Each structure stands twice: as structure tokens, then as C-alpha cells.
Amino acid sequence: VGDRSDYDSEVKSVCAFCGVGCQISIKVKDNKVKYVEGINGPANEGRLCVKGRFGYDYIHHQHRLTKPLIRREDAPAKGLNVNPDNWQEFFREASWDEALDFAANGLKGRGREVAGFGSAKCTNEEAYLFQKFIRQGFGHNNVDHCTRLCHASSVAALIENVGSGAVTATFNEIENADVAIVIGANPLENHPVAATYFKQFTKRGGKLIVMDPRNQSLRRFATHMLQFKPGADVSMLNGIMNVIVEEGLYDEQYIAAFTEDWDAQKEHLKRFPPEKMEELCGIDADIIRAVARDFATAKAGMIFWGMGVSQHIHGTDNSRCLISLALMCGHVGRPGTGLHPLRGQNNVQGASDAGLIPMFLPDYQTVTDDGVRSAFTDVWNSGDFSNERGLTVTEIMDAVHEDKIKAMYILGENPAMSDPDVEHARDALAKLDHLVVQDIFITETANYADVILPASALYEKSGTVSNTNRTVQMLRPAVTPPGEAQEDWWIEVELAKRCGLPWDYKHPSEVFAEMAINMRSLDNITWERLEGGAVTYPSLSPEDPGQSVVFGDAFPRSEGRAKFTPAEVVSPDDMPTPEFPMVLTTGRQLEHWHTGSMTRRSKVLDAVEPEANCSLHPSTLRKLGVEPGGHVTLTTKRGSITIMAREDRAVSPDMVFVPFAYVEAAANILTNPAIDPYGKIPEFKYSAVRVEKASAS
Ligand code: SF4
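Residue numbers (this note's numbering): -12 to 684.
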């Protein structure tokens, strides 16, 4: 960056990547971000990871969209890869008026034929406006976003058993814990700043128990590393809880005072002795016993989990087990205790809170409740909308194939890369009569668009975002968007007006004020307050910075009690066969973010990790006759990719790990769209796969 004192302005905002929500200072010169530094936010205390520190320059990339684009009448077929340097073959530039009219004309009056995907990358206000646009504008609830693909099953289990979809304790509470479990999460890569708190915890003597099918690097700090068989979460967790029951280590007083349905759970757990579970989950019975004793006898224990838990057809059952484990030990509602699903995207918590989901209005108020709907239509000054739960992300794609959905509005999501079985999703996008894409680049999804509306990156917008800790923070624009690109909320408002909605918002603060009317989570939190600093909800008074730990007195359920829901062992959907003998699992890696549309356009991050790669055990590579750095072909029932292979002892010999950031070897060509029946989340973490030496390798 050269002389670090040579900048014109400094703007305080929030990192654009993960759910940790690190606060940053953006140094700007000549309307360009010069560099970014961590500042003293509640979640980072000055720290940043490589993405937060170096991953900002994508906003100045030459391929940023600067003008609205309309598909040419003589354009080649939808879905063909649009060369961002030669998009004129596919699209023509349009004025905002023409593009918005064109976008609205293809949507309005189509009722249930329309569906919308919003974004966890946008602000709370933009998420709120998006769900309102679909509900008020089209009369139904076919609106969803990427939470469906990350923690929908965790949220389903938390709402069912605890009464709230958010974390019960911030990750910073680990400093008050003496034992912590991290399961199905890889925080050193995916939540790196949160991981620094986990490491500090172990330095001062805290016991860290890591459970993961990959022997990931957090094991270096762990007292126990349980590398269990992929998909065997329930058998391992039921085994742990069986020990706690059999040895009488559960907290009887807590259970009696704060929970219901314990007797059924206790009876159920008797069927899962560790000796029986050992075979299923691959963890020695003695280790299961030791972990059970450590967690149950801790003064204060916490459980953190990630998408390794949630992205299964039994993801809700996995989370139910974790909730039961915490409840039976009384590890909820006190300092150093709690349940914490580590949220992925920077604002997936906020977007879900704001109602960007097909079954819930803001604050998880159900759409089936007449009173709830009328509370919203009163504020919106509009007629009622459907009391039926809407379709989820993957169900919407199925409905397109069934000719039920014919037009879509997609804001900041990239289903042509992120859906499971992307060929199915891409065929659906190609089939639509009308597709409006609002984004900052011509993404793989925009290849199918009829009209593309150029939007803003996070460093260019005003609004609020909510991190994994329930902390609401203010984004501030550091630079202006390129060309004619606009903030997403402005585009939503203009589109809504053209679809006949009486919207008249002039600033995101007005949207925030409207949200606060029907969202009790925002009590005592105002825009003006947030301008002065972050607030964690719930905030009990205008002076209260927010509650780090919740549910000490009661749970937000009937009679204030949390609930035990027993979980049975369910096999993954796509089990290995002689034709597909290994297990594929997918995820992220430190340098790249989700579908790669931002980080692969960031010079530093792309230079560090430029090529699509997968991880295989050295013995598997030897068996295949492939040198590290050579190429393998991965084939599942759904498709095939060829990709560079890396040697990695963290994966077991019968497993392959593929990051999903690379369009040239898209992991989701391979993944299984089978879904969890409760959270409707696809099983990204488990598919049967065949691995072969690539023909040119
Ligand atoms: Fe950004 Fe997450 Fe890294 Fe913090 S930990 S700098 S929020 S990517």
C-alpha cells in the first residue's frame, strides 16, 4: 500500500465476509480503498484474518457492473458463459428507467409464478425490503436465501427446542467456559478471528474437544480430537449422552426447572451405549466416555458447531443432539455456557432475523399465524398475503421445472454455483420466462439473466448487519459505487414502485425504524444508537449494550421450558457403492469465500490460492498413482469434474474434500440435493464418489 499515512479519509465499517463481523477501518484515497485495518469491535478487538485484511480489492475490479444491462434479442442461448470483457454479444446497456421498467414488467401481475432469492451479503434493511417485496407485491411467501444452504437445520432445531433461532451465547463467552466442544466446524479457516478466542481459551487451560470427520488443524489445541466417520454425528452424540445418563452425570435440578420431555429422552438414550456406537461412528468407547465426563462435569461448557453438523439429511437431528447435550448438563443460560452455531455469511443472522425465509416473517414469526400477518399488513398498509409457508431455495428450482414458477428476482445470490446439483439449477434458470439479477459482477447466475441491475459492494453502502453473536453493527459507505451502480435498497425501492407498491423510503434508517415496529429483538436499538456503536440483542434498556448470554431465567417457549427431542440414527442419503466407493465432502478454505465471485477477483487471495483443488490422503494418491499436484476426476451420480489433487492427512483414506469456490471445477456438480425434512437443507457434506486419475494427469 506504500505510505500508510497517505489517505484522504477513514471510514469505520464491518468486514464483508464471514459471520464473525470484525469491525474495520477503511482507508480511502481518490475514491479507492487503499488498505483496511482491524479496529476495536466487540467481536474482533482489532484482529482481522487474511480475507478481511486483503480481500477488499474485488470492489475495484475491472469487471464490476457499472450500468444496467438488458439481454439482446439476438443474444446466444441463455446460460452460455458471458465473457465479462465481451458481454456486448449477450447484453446491451440500458438506462436505469428502461432496465427497471423492463424488470418490473416481467414480474408484475404474475402472483405465484414469481419467486425471489435475497442475500445474506446485503444489509438487514435490504433483506427486510426483499421479503416485503415478494409478500406484499405477489401475495405469497416464495422467498428464501442462502441460510437454506448453511444453517437452516440448526435454526429449525433451535426454534423447536429452545424457542429462538439465534445463538444462546456469544463466542466471546468461551473466556468464561472451562470446556468447549467444536463440532463440524473449521474455525481456523472459516471463522479465523473467532478461532483466536478459542486458542486463547486453551492457553489459559480450557479443555477444547474437537469433533470432525477431518483431522483439521484445530486439533493442535484440543485435549480430545474425535475424527468420527462422516455422517455418524447422531450415533457419536447419543453415545456421549448415554454415558452421562448411565453415570448419573446430568444436572437433575436444571432439567427439572428448565426443560420438558426429559423422561422420554433419558429412556431413548439407553439404546446407545458407547460400545454399540463405537462401530457406527468410529470413536473408541473409552474416548466417548472421557469426553462425556469432561463436558458433563465442567462448571461451564459451550458447544460450537458449523455446517458439518447442519448440511446433512439428518442435520436437524444433529442439532437436536447438541441442544439435548447442553440442556442435560445445565450448560445454557449462565456465563461460559451456551449453544452457538457459527454463522457463515456476514449477515446470514440478520437476513434470517429480517424474515428472508419462506416460513417466517421478521423475528421468526410464523406466516401461518393470522395475527402475525395482520400486524405486518397494518404497518405495510396493504392487504393480506398467503398463510401458506413458501417454497425454499431448492424447492423453487423444482417448481421451475414443474412450470409453477416462471419468473425470478435474484439479489446477490449465485444459485448456478451454490445449489446442490447445479446442473438441475442451471436448467431451471434457463427455463424461466424472466430473470432479474441484481449483483456486482456478471456471475454464473447472471449468464441466465434477462436484465442485470448493477448493485453495490458492502464497502459502498449504508445499513446494518447482525453477526453470529446477535450483534447489530453499522455499515458505512467508504467509496461510491462505480459508474451508475446503486445501493441495493435503492434498486429494490425503485423496482417495487414500478410493480405498483406504495414505497417511499428515502434512506435505510427509515426501513430500520419500520422493522423495529414488529421486531421485539430490536427493542431499545435505534439507528441513532447504532451510529454510536454496536449493540447485541436483546438489549434490555437504551443503555444496555446487550445480553451476551440469554435464557438464564426462562426460554421463549411454552411455560418457559426448553425441550428434549430424541434423535434416531439415520444413514446419509447417498451411501458408497462399489461404483462410487468413497465419500465426498465439500466446504470452504481460508482464502476463498463461497462461490468465489469476490475472493477470486481479489489479487492477494487469488495469488495465494489460484487453482481449483481437492484434498486426498497420501495413501489414496499412491493407490491412484497420482503425484500431489496431479489431477483426478471425481464422479458422482450427478456429474463429474477434473481437479488438482493435494496431499492432505486431515482427510481419511476413503474421503475427498472439495472447496466449492471454483467455477472451473464446481463442487456442486457433484453434490446431492437430498434434503433434511425439517430444515430443508441439502446434504452437501456427504455424497458417494468415484475418484480416478485424470486421463491427462
Ligand atoms: Fe472478516 Fe470473518 Fe476474517 Fe473477521 S474473521 S476479518 S469477519 S472474514
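Glycine included, each C-beta is placed from N, C-alpha and C at the ideal position.
Everything numeric in this text was worked out from a predicted model, so none of it was measured.
- Counting of Cβ neighbours within 10 angstroms places Gln460 among the buried residues, the total reaching 16 or more.
- Closest in C-alpha terms to Ala338, from the list Glu265, Pro559, Leu116 and Ile628, comes Leu116.
- For Glu162, the three-state secondary structure derived from DSSP is helix.
- Put simply, of Gly226, Trp74, Lys190 and Gly325 the residue whose alpha carbon is nearest the alpha carbon of Ile168 is Gly325.
- Note that the C-beta distance between Ile668 and Ser297 is below 8 Å.
- In the DSSP assignment, the residues bridged to Pro328 are Trp292.
- Of all C-beta pairs linking the stretch 662 to 680 to the stretch 558 to 571, three or more are shorter than 8 Å, placing the two stretches in contact.
- In chain order, the residues that have a beta carbon nearer than 5 Å to some heavy atom of ligand 1 are Cys2, Phe4, Cys5, Val7, Cys9, Leu35, Cys36, Lys38, Gly39, Pro179 and Val180.
- Pro605 sits exposed, since fewer than 16 C-beta atoms from the chains shown fall within 10 Å of its C-beta.
- Within the stretch 352 to 430, the runs of beta strand (DSSP E) at least 3 residues long that lie entirely inside it are, in chain order, 394 to 398 and 421 to 426.
- Cβ-Cβ distances below 8 Å link His50 to Pro71, Asp72, Phe428, Ile429 and Arg588 in the same chain, with the five nearest sequence neighbours on each side left out; the list follows chain order.
- The alpha carbon of Ser12 has as its nearest neighbour, out of Phe4, Cys5, Lys19 and Glu24, the alpha carbon of Glu24.
- Rounded to whole angstroms, Val522 and Ala30 show a C-alpha spacing of 11 Å.
- The Cβ atoms of Phe647 and Asn655 sit closer than 8 Å to each other.
- With a contact defined as Cβ atoms closer than 8 Å, Gln123 and Trp367 qualify at about 5 Å.
- Glu634 and Ile270 have their alpha carbons spaced roughly 24 Å apart.
- Asp304 is positioned such that its CB atom lies no closer than 8 Å to that of Pro660.
- Taken in chain order, the complete beta strand (DSSP E) segments of 3 or more residues contained in the stretch 29 to 113 are 56 to 58, 78 to 80 and 101 to 104.
- Excluding five sequence positions before and after Ser528, the CB atoms of its chain that fall closer than 8 Å to its own CB belong to Asn511, given in chain order.
- Close CB contacts of Gln352 within its chain, under the 6 Å cut and outside five residues either way in sequence, are with Val359 (chain order).
- In the displayed model, Lys194 falls within a strand according to three-state DSSP.
- Of the candidates Ile397, Lys610 and Asn18, Ile397 places its Cα closest to the Cα of Ser106.
- Around the beta carbon of Glu76, fewer than 16 other beta carbons sit within 10 angstroms, so the residue counts as exposed.
- In the DSSP assignment, Phe499 falls within the alpha helix (DSSP H) that extends over Pro495 to Asn505.
- For Val480, there is no enclosing beta strand (DSSP E); the enclosing alpha helix (DSSP H) covers residues Asp475 to Arg485.
- When C-alpha distances from Leu517 are compared across Val536, Leu94, Phe538 and Pro495, the shortest belongs to Pro495.
- Leaving aside the five residues that flank Pro468 on each side, the residues in its chain whose CB is nearer than 6 Å to its CB run, in chain order, Ser443 and Glu447.
- Beyond the five residues adjoining it in sequence on each side, Thr607 comes within less than 6 Å, by CB distance, of Pro640 in the same chain, given in chain order.
- Collapsing the DSSP output to three states places Tyr241 in a helix.
- Distances from the CA of Asp390 to each of Asp420, Asn148, Phe282 and Gly612 were compared; the closest alpha carbon is that of Asp420.
- Taking C-beta separations shorter than 7 Å and ignoring five residues to either side along the sequence, the partners of Lys21 in its chain run Val(-12), Tyr(-6), Lys14 and Val15, following chain order.
- In this structure, DSSP gives Gln123 a helical state, which the three-state scheme calls helix.
- By the criterion of a C-beta distance shorter than 6 Å, Ile121 is surrounded in its chain by Gly103 and Val130, once the five residues flanking it on both sides are discounted.
- Using a 10 angstroms sphere on the CB of Asp531, the tally of other CB atoms stays under 16, which defines it as exposed.
- Between Val335 and Cys137, the CB-CB gap stays under 8 Å.
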